[in-house]
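All the letters of the sequence shown, read from the start, carry residue numbers -19 to -1, 1 to 726 under mature numbering (1 follows the signal peptide of the UniProt record, and there is no 0).
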Amino acid sequence: MIRWCSRSVVPMLATALLAACSGSPPPLNTDLAVQKVLASPTPNLLYGQPATYTITVTNNGPNTYGGTIGFVDAIPAGMTFTGVSSPWTCAPVGAVGPANVVCTRPGPLAPSASVSAAFTVSVAGPAVLGPTVKNCARLVVPFGDQNNANNNACVTNSVSAGPPPGFDLKLQKTAGGALTAGGTGTYTFTVANLGPSPVPAGTTITLTDNLPAGLTFGSMTNPWVCTGTTSVTCGLTLTSALPASGTQSGTMTVNVAASVTGVVQNCATISTPGDTNVQNDRSCIGTDVVQAPQKYDLILAKTVAHPLTAGMTGAYTFTITNLGPGFVPAGTVLTITDNLVAGLTFASITPPWVCTGATSVTCTLTLTSPLPMGGTLTATMTVNVAPIVPGTPPPGQIRNCAAVGAPGDSNAQNDQGCVTSDVVTPTTQRLWVGSLVSLYGVGFDLAQLPTAAPGGAVTPNHRLTNAPGNGTQGLAFDAAGNLWMSREQNSIACFQAANLSGVYTTGPNGTITSPALSSPWDIAFDPSGNLWVANGANDTVVKFNAGALSCSTAQTLTPSVVLSSSGGSLSTPRALAFDAAANLWVVNETGSLVRFAAPLPTSSVALPASTTLTAASPAFNTPRGLAFDAAGNAFVTNAFSDTLMKFTPSQLASGGTQTPTVNIQIPATYPCELTGPAFDWSGNLWVSCLSSLVRFTPADLASSGTAVMANLAKITSAPSSPQTTFIEANRLAFTPKPTGLPLYP
């Protein structure tokens, strides 16, 4: 193979340009040209200062040049090569003139294209270098060049004296925003060394600022040290040299009199021994003065609309008023603190307030718009009221206080509001029982419920009669207090809250029928008011949206969601309930308790259980009832074994096979078919046993064993007509909902 190389390459360049040799023939009619100019300093070189030449190689065409591009720079005496711009490479680096420096870069170079190199040198002093200097660059073309006349470029420049030794400090003064009348403002001073020499360590820079009328000195950032109030002098002694381009800064805070208005002009000056230029030592700035916003005064009033009822929820209303005279700015965070007294715990507050804590409650709200003078904000806090301990009197009255806080509130003396409220014994609470035979259901007033064993026959004060066919399966109250019942006839009946007092004989006020209902054995409302139904005959749970429900008309509805079994998640679902976290729990009569985690699907799906729990020692035996207490424990009733089982939150979370922490056996001598269950306002658990209702106190629920029925309070059917009693009691529910419990089962 023939390797083409230029014979014009001098021997000393052979090694550097070896890569320029190619196995390809040289291009024809290619003309490379070189130009050289002094880029800086201009127009003359300076003794003792660096200089940069721009060397440009151009392809005058007509063909593309494909080889390595190179030139040789003949550095004259008095100059030293210091560097070149990428991608050029030169050798030898640091060459001291007179010397030849060889520089190359990769091709190709298209016609009319050019490439440039920034070639830097240092310039000696006048003792070495004369008043003029000539510097040349020669183009090296390994493949040959069709025109050698433009392959050399020289430039001749005069050499002048460099800048005098020393440093030049420049001051710049800026303001940190507008000044506030009656408040403060800030100025920042920046001292920059323009060079060429550093400022020696130990040099003291003195800053003088004669503040205009109405401004007085407040403070200065370290390490500056200042004296004076209106004629301010500040000093800074350098602990190390300040190099060229280095800076030192300081921020001064000034006090602004309330009488200052308009625009304030302020100037400052620096003085430093050795500063070669005093023309840039002074800096001035004009700054607007704004008026301080007027202060505001927040006051809080706390009210309660009704007496608090033991075992129920109550509501306090906070009203925050701005007494002015200024407005509360947008973005201000308001805080309400309420240390609830014994017997009260936090439940909720109206949005957009956000609260933390159970008894020591802190609530916050960030204003999205200013609150003007006279403007008000309100919030309603719901609290849980502790139930009355059996055998003890009600607390009578309680006094509760809350306080509002906000940055900038000018008067803390009126931030607290207190209210005293009565605590009364519940009187309107009722226990409702769904009856499988004869009646829709019956209701017992609180006063009718036995408070001690053994209880006895009671005629309910409230009855829903005129029930066609067989009776009630599921039982649940909606948020409006309407009573909903699922029926064996594959329908759901609703009785309005107004019709739940006394005897109501005209039948339900509203009904739901649906092809999706198939033995609807239980119902429950979720936190959004949607109605969920467990269908025991086709292993589904269906949802009817809250917006579609009516307690005043007969409806035929299609459920918005149908949950069907996946992996045995639904197997003869007999009972369902929502826990405090809005998870849906379902009791399968075949022997399992399953959880479907919130948020629940919004469309129909075959849904596997999030958690599945089975019982051992003993096992489930036809489980038909489910209720949660305030602590999140689940209680399951087994109809055929007449047992009541308790599972803790940790057991529920783990799932799998669990031994009940408490297992209570109803004796065989007491006919039961245990179902229900429901908690009352004092934490007692009521269950249904055919034609009787049985109460378990918290103490009764604490340990396993066979129940001593004589020691339990009971309600038995009154010996009168079927229209005044219940036969085969099924589901139970208390209204209003007891404090702290999840939704009704």
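C-beta atoms are modelled at their ideal positions from N, C-alpha and C, and glycine is treated no differently.
task = Can you grab the Cα-Cα spacing for the pair S495 / L538, in whole Å?
result = For S495 and L538, the gap between their C-alpha atoms comes out near 5 angstroms.
key: Spatial distance of G636 from T592 (CA atoms)   = Cα-Cα distance, rounded: 6 angstroms.
message = Pairs of beta-carbons, one from the region 486 to 502 and one from the region 530 to 546, closer than 8 angstroms: are there three or more?
response = By the Cβ rule, the region 486 to 502 counts as touching the region 530 to 546, because three or more pairs are nearer than 8 angstroms.
ask   = For V244, does the count of other Cβ atoms within 10 angstroms reach 16, so buried, or fall short, so exposed?
value = Classification for V244: exposed.
inquiry  = Whole angstroms are fine: how far does the CA of T357 sit from the CA of G227?
reply    = Note on geometry: alpha-carbon atoms of G227 and T357 lie some 55 angstroms from one another.
inquiry  = If the criterion is Cβ atoms closer than 8 angstroms, does the pair V96 and I50 meet it?
reply    = A distance below 8 angstroms separates the beta carbons of V96 and I50.
task = Starting from L13, trace the alpha helix (DSSP H) both ways and give me its first and last residue.
result = Careful: L13 lies outside any alpha helix (DSSP H), inside the beta strand (DSSP E) at T11 to S21.
message = Considering just the uninterrupted stretch of the beta strand (DSSP E) at P43, what are its terminal residues?
response = Note, P43: beta strand (DSSP E), P31 to P43.
ask   = Does DSSP classify L120 as helix, strand or coil?
value = In the structure shown, L120 sits in a strand (DSSP, three-state: E or B).
query = Curious, which full-length beta strand (DSSP E) runs of at least 3 residues does the region 551 to 620 contain?
reply = The qualifying runs are 554 to 559, 565 to 569, 573 to 577, 586 to 588, 592 to 596, 604 to 609 and 615 to 619.
Option in T257, G176, G166 and P288 with minimal Cα separation from A238 = For A238, the closest alpha carbon among the candidates T257, G176, G166 and P288 is that of G166.
inquiry  = Please identify the residue among R712, R444 and V102 whose C-alpha is closest to the C-alpha of R605.
reply    = Of R712, R444 and V102, the residue nearest in Cα terms is R712.
message = Can you find the residues in the same chain that come closer than 6 angstroms, C-beta to C-beta, to T39, ignoring five residues on each side of it along the sequence?
response = Counting only Cβ-Cβ distances below 6 angstroms, and skipping sequence neighbours, we find A14 and S95.
query = From G455, S541 and V484, pick the residue whose C-alpha is nearest to that of N516; which is it?
reply = Its Cα nearest to that of N516, the residue G455 stands out among G455, S541 and V484.
ask   = Going by the CB atoms, is the gap between V136 and S110 shorter than 8 angstroms?
value = Here residue 110 is Leu; the residue named in the question, Ser, does not match the sequence. No, these two residues do not count as a Cβ contact at 8 angstroms.
task = Following the continuous alpha helix (DSSP H) through V634, name the residue where it begins and the one where it ends.
result = Looking at the sequence itself, residue 634 is Ala, so the reference to Val does not match. Annotation: the continuous alpha helix (DSSP H) that includes A634 extends over P630 to S635.
Alpha-carbon to alpha-carbon, N365 and P652 = Taking the CA atoms as reference points, P652 sits about 37 angstroms from N365.
inquiry  = So, does the region 151 to 161 touch the region 247 to 256, judging by three or more C-beta pairs under 8 angstroms?
reply    = Touching, yes.
query = Short check: CB of V668 to CB of G686, under 8 angstroms?
reply = Contact flag unset, no.
query = Under the DSSP definition of a beta bridge, which residues are partnered with D319?
reply = In DSSP, D319 forms a bridge with V342 and A383.
ask   = Helix, strand or coil: which one does DSSP assign to N395?
value = In the structure shown, N395 adopts helical secondary structure according to DSSP, grouped into three states.
Where D269 falls: helix, strand or coil (DSSP) = Collapsing the DSSP output to three states places D269 in a strand.
key: T268 versus V172 - alpha carbon distance   = Within the model, the alpha-carbon separation for T268 versus V172 is close to 20 angstroms.
ask   = Where are the beta strand (DSSP E) runs, 3 residues long or more, that stay fully inside the region 196 to 244, in chain order?
value = Correct list: 196 to 201, 206 to 208, 212 to 218 and 228 to 237.
task = Can you tell me the Cβ-Cβ gap for V543 and S585, rounded? I've got them flagged as a contact below 8 angstroms.
result = That pair is a contact at about 4 angstroms.
request  = Using the Cα positions of L412 and P582, report the straight-line distance between them to the nearest angstrom.
outcome  = The C-alpha of L412 lies about 33 angstroms from the C-alpha of P582.
ask   = Tell me the DSSP bridge mates of Y168?
value = Within the DSSP bridge table, the entry for Y168 names A156 and M233 as partners.
request  = Kindly identify the DSSP beta-bridge partner or partners of G51.
outcome  = According to the DSSP secondary-structure assignment, G51 is paired through a beta bridge with T85 and V121.
Same chain, Cβ closer than 8 angstroms to V206, five either side skipped, listed in chain order = Only C215, G216 and L217 meet the Cβ criterion.
message = What does the alpha-carbon distance come out to for the pair residue 729 and T169?
response = Any property of residue 729 remains undetermined from this structure, which presents the chain solely from -19 to 726.
key: residue 731 burial status per 10 Å Cβ neighbour count (16 or more: buried)   = With the chain represented from -19 up to 726, any question about residue 731 goes unanswered, as that position is not in the structure.
request  = Measure the C-alpha to C-alpha separation of A311 and P353 and round it to an integer number of angstroms.
outcome  = Their Cα atoms are separated by approximately 10 angstroms.
Cutoff 6 angstroms; reference P68; Cβ partners in own chain excluding five residues on either side = Taking P68 as the centre and dropping the five residues before and after it, the same chain places the C-beta of R86 closer than 6 angstroms to its C-beta, in chain order.
ask   = Which word fits N128, buried or exposed, when buried means at least 16 other C-beta atoms lie within 10 angstroms of its C-beta?
value = Its Cβ having fewer than 16 others within 10 Å, N128 is exposed.
Limits of the unbroken beta strand (DSSP E) element including G437 = Segment G436 to V439, the beta strand (DSSP E) holding G437.
query = In chain order, which continuous runs of the beta strand (DSSP E) of length 3 or greater are located wholly inside the region 494 to 549?
reply = For the region 494 to 549, whole beta strand (DSSP E) runs of length 3 or above, ordered along the chain, are 501 to 506, 512 to 516, 521 to 525, 535 to 537 and 542 to 546.
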